[in-house]
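Participant: Quick one: the structure is below, and I'll ask about it shortly.
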Amino acid sequence: MKNEDFLAFVIEEKNGIFIRSFQKRKISDLPVGDVLIRVHYSTLNYKDGLSARGHKGITKNYPHTPGVDAAGLVEYSTNSKFKIGDEVMLTGYDLGMNTSGGFAEFISVPANWVLHLPSGMDLRTSMIYGTAGITAAICINEIESRKIKPKDGNALVTGSTGGVGFIAVGMLANLGYNVIASTGKLDKTNMLKNLGAKEVISRDEVNDKSNKPLLSKRWVAAIDTVGGNTLSTVIRSTEHHGAICTLGLVESDKFDITVYPFILRGIALIGIDSAEKNIELKTELWQRINSDLKISNIENYVREVSLLDINQEIDLILQGKQFGKILINCMDL
Ligand SMILES: NC(=O)c1ccc[n+]([C@@H]2O[C@H](COP(=O)([O-])OP(=O)(O)OC[C@H]3O[C@@H](n4cnc5c(N)ncnc54)[C@H](OP(=O)(O)O)[C@@H]3O)[C@@H](O)[C@H]2O)c1
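Note that our numbering numbers the sequence shown so that position 165 is 732, with each residue one more than the last.
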């Protein structure tokens, strides 16, 4: 097995330029791990785009294979929890960051990153949700833990046509929240409404430049995937004792804010790090993704591509032009 060749999507750094190609690698090139997995599916996340673009906050050393998500069959295991042929998945931890990731036919990883699929879920479905799904579920868990209920007010999702965004819209709607979806793609209004959004607004409406410390109250809960002045506007427009989950930076990693929304409205700003969330909570939330958080018409928002077509999909996600989820088929290459 050690000398077996497999195909991997590889980013190389040459004179400060990051070059993408497919290369043959050997199993022995992979890090020594407890579990060797034959990848069937991965999925595209914004973080993979950043890794491919040479973002050193994500990936320090190149050559490197991105892909923070993977699902497949156990090919070899030194850990008694996993047997050859088991269907498994993993999202986050160091996969695709500095550990060779899911944009390849094989990964080799520590056993404590790996999960069996929830009963009744298949490999393909697990990667439709992937990191985006578990992140949306973590946000909802945080909002619920603040005892914010659907009857308390609106729930906003920004970047709502993106991977995390559209799943958050669907999951919140499932639970009965009155979802406001903010988007730069108003032509996708009907699709967001079919997912359960009650109102679809332009992202310009969530980008206040007045510098007022407080704005009219519009939502009691928010899941913000974009950061920057959008996040500042979201915070300033949140109702008393509301909660905002901040998880993304597609607009900017900086935002300006005063303390007033916190000390006059008592709102909570909750940082989300799905990659390193403990595996027990992830396991629990995957069960919910398979039950009350499951989005019945999710297939309408998924485009399946071969790993061989990943290059153009990375360009699109970096330009903010993707809609829904890009599922990556890593078989039959
Ligand atoms: N903290 C965590 O645990 C965690 C986990 C997963 C993802 N993330 C982060 O969350 C963010 C979203 O990830 P993703 O995979 O969902 O990405 P994605 O699929 O590319 O979605 C991002 C969405 O943001 C909107 N957008 C793009 N450029 C924008 C801009 N300049 N200003 C405002 N909105 C813009 C677009 O939606 P609209 O056109 O609908 O506005 C886009 O579809 C990324 O920053 C990612 O790194 C963090």
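Using N, Cα and C, we set each Cβ at its ideal position, and we do this for glycine too. Values in this document were obtained by computation on a predicted structure and should not be read as measured data.
1) Does the distance from the CB of V577 to the CB of S675 come in under 9 Å?
2) For the segment 655-691, which segments carrying the beta strand (DSSP E) assignment without a break, of at least 3 residues, lie completely within its bounds, in sequence order?
3) Could you check whether P717 and L682 sit closer than 9 Å to each other, using their CB atoms as the reference points?
4) Excluding the 5 residues flanking V710 on each side, which residues of the same chain have their C-beta closer than 6 Å to its C-beta?
5) Residues in the same chain with beta-carbon distance under 6 Å from G751, minus the five sequence neighbours each way, listed in chain order, please.
6) Sort A678, I734, T728 and Y744 by Cα distance to D754 and report the nearest one.
7) Enumerated in chain order, which unbroken segments of the alpha helix (DSSP H) with a length of 4 residues or greater are wholly contained in the segment 803-875?
8) Taking 8 Å as the cut-off, does the CB of Y612 come closer than this to any heavy atom belonging to ligand 1?
9) Are there any heavy atoms of ligand 1 lying less than 8 Å away from the beta-carbon of L814, as far as the coordinates show?
10) With a threshold of 8 Å, establish whether the CB of D840 neighbours any heavy atom of ligand 1.
11) Examine ligand 1 and report whether any of its heavy atoms sits within less than 8 Å of the Cβ of F576.
12) Count the other CB atoms within 10 Å of the CB of G639; is the residue buried (16 or more) or exposed (fewer)?
13) Please state if the CB of S609 and the CB of G904 are separated by a distance shorter than 9 Å.
14) With which residues is H631 paired in a DSSP beta bridge?
15) Please classify D791: does DSSP put it in a helix, a strand, or coil?
16) So, using beta-carbon positions, are A575 and E642 closer together than 9 Å?
17) Report yes if the C-beta of G687 is less than 8 Å from at least one heavy atom of ligand 1; otherwise report no.
18) Enumerate in chain order the residues of its own chain whose CB-to-CB distance from A740 is below 6 Å, with the five nearest sequence positions on each side excluded.
19) When the Cα atoms are used, what is the spatial distance from I895 to E871?
20) Helix, strand or coil for R785? Go by DSSP, reduced to three states.
21) Please report the straight-line C-alpha distance between V793 and I715, rounded to a whole angstrom.
22) Return the CA-CA distance between Q854 and G730, expressed in angstroms with no decimal places.
23) Tell me whether V746 counts as near ligand 1, meaning its Cβ is closer than 8 Å to at least one heavy atom of that ligand.
24) Can you say whether I701 is buried or exposed, counting buried as having 16 or more other CB atoms within 10 angstroms of its CB?
25) Taking only three categories from DSSP, how would you classify R713?
26) Beta carbon of Q889: closer than 8 Å to some heavy atom of ligand 1?
Facilitator: In brief:
1) Against the sequence shown, residue 577 aligns to sequence position 10. Against the sequence shown, residue 675 aligns to sequence position 108. Their beta carbons are not under 9 Å apart, which means V577 does not touch S675 by this criterion.
2) With a minimum length of 3 residues, the continuous beta strand (DSSP E) runs that stay inside the segment 655-691 are 673-676.
3) Within the sequence shown, residue 682 is the residue found at index 115, counting from 1. Within the sequence shown, residue 717 is the residue found at index 150, counting from 1. No. Outside cutoff.
4) The residue you call residue 710 lines up with position 143 of the sequence shown. Note that residue 710 is Ile in the sequence shown, not Val. Scanning its chain for C-beta atoms nearer than 6 Å, with the 5 sequence neighbours on each side dropped, one finds around I710 the residues A788 and A810, in chain order.
5) Within the sequence shown, numbered from 1, the residue matching residue 751 stands at position 184. Closer than 6 Å at the Cβ level, and outside the excluded window around G751, lie R770.
6) Position 187 of the sequence shown, counted from the first residue, corresponds to residue 754. For the residues A678, I734, T728 and Y744, the minimum Cα distance to D754 belongs to T728.
7) The segment 803-875 contains, as complete alpha helix (DSSP H) runs of 4+ residues, the segments 827-831 and 846-856 (chain order).
8) Here residue 612 refers to the residue found at position 45 when the sequence shown is read from its first residue. According to the sequence displayed, residue 612 carries Asn and not Tyr. Taking 8 Å as the cut-off, the C-beta of N612 counts as close to a heavy atom of ligand 1.
9) Stepping through the sequence shown from its first residue, residue 814 is reached at position 247. Relative to ligand 1, the nearest heavy atom lies less than 8 Å away from the CB of L814.
10) Here residue 840 refers to the residue found at position 273 when the sequence shown is read from its first residue. For D840, the CB falls within less than 8 Å of some heavy atom of ligand 1.
11) As a working mapping, residue 576 is identified with position 9 in the sequence shown. Result no, Cβ not under 8 Å from ligand 1.
12) Translated into the one-based positions of the sequence shown, residue 639 becomes position 72. G639 should be labelled buried.
13) Because the chain here runs from 568 to 900, residue 904 falls outside it and cannot be looked at.
14) Translated into the one-based positions of the sequence shown, residue 631 becomes position 64. H631 is bridged to I578.
15) Here residue 791 corresponds to residue number 224 of the sequence shown, with the count starting at 1. Strand at D791.
16) To locate residue 575, count along the sequence shown from 1; it is residue 8. To locate residue 642, count along the sequence shown from 1; it is residue 75. In this structure, the beta-carbon distance from A575 to E642 does not fall below 9 Å.
17) Within the sequence shown, the letter at position 120 stands for residue 687. It does not: the Cβ of G687 is nowhere closer than 8 Å to a heavy atom of ligand 1.
18) Within the sequence shown, the letter at position 173 stands for residue 740. Cβ within range, chain order: V746 and G763.
19) Numbered from its first residue, the sequence shown carries residue 895 at position 328. Numbered from its first residue, the sequence shown carries residue 871 at position 304. Each residue's alpha carbon lies about 6 Å from the other.
20) Here residue 785 corresponds to residue number 218 of the sequence shown, with the count starting at 1. DSSP places R785 in coil when its eight states are reduced to three.
21) Translated into positions along the sequence shown, residue 793 becomes position 226. Translated into positions along the sequence shown, residue 715 becomes position 148. So the alpha carbons of these two residues sit roughly 22 Å apart.
22) Looking up residue 854 in the sequence shown gives position 287. Looking up residue 730 in the sequence shown gives position 163. Rounded to the nearest whole angstrom, the CA to CA distance from Q854 to G730 is 20 Å.
23) What you label residue 746 is simply residue 179 of the sequence shown in a count that begins at 1. Answer for V746: no, Cβ out of range of ligand 1.
24) Counting from 1 along the sequence shown, the entry for residue 701 is found at position 134. Buried, since its Cβ has 16 or more Cβ neighbours within 10 Å.
25) Here residue 713 corresponds to residue number 146 of the sequence shown, with the count starting at 1. Three-state DSSP puts R713 in coil, outside helix and strand.
26) Working through the sequence shown from its first residue, we reach residue 889 at position 322. For Q889, the Cβ falls inside the 8 Å cut-off from some heavy atom of ligand 1.
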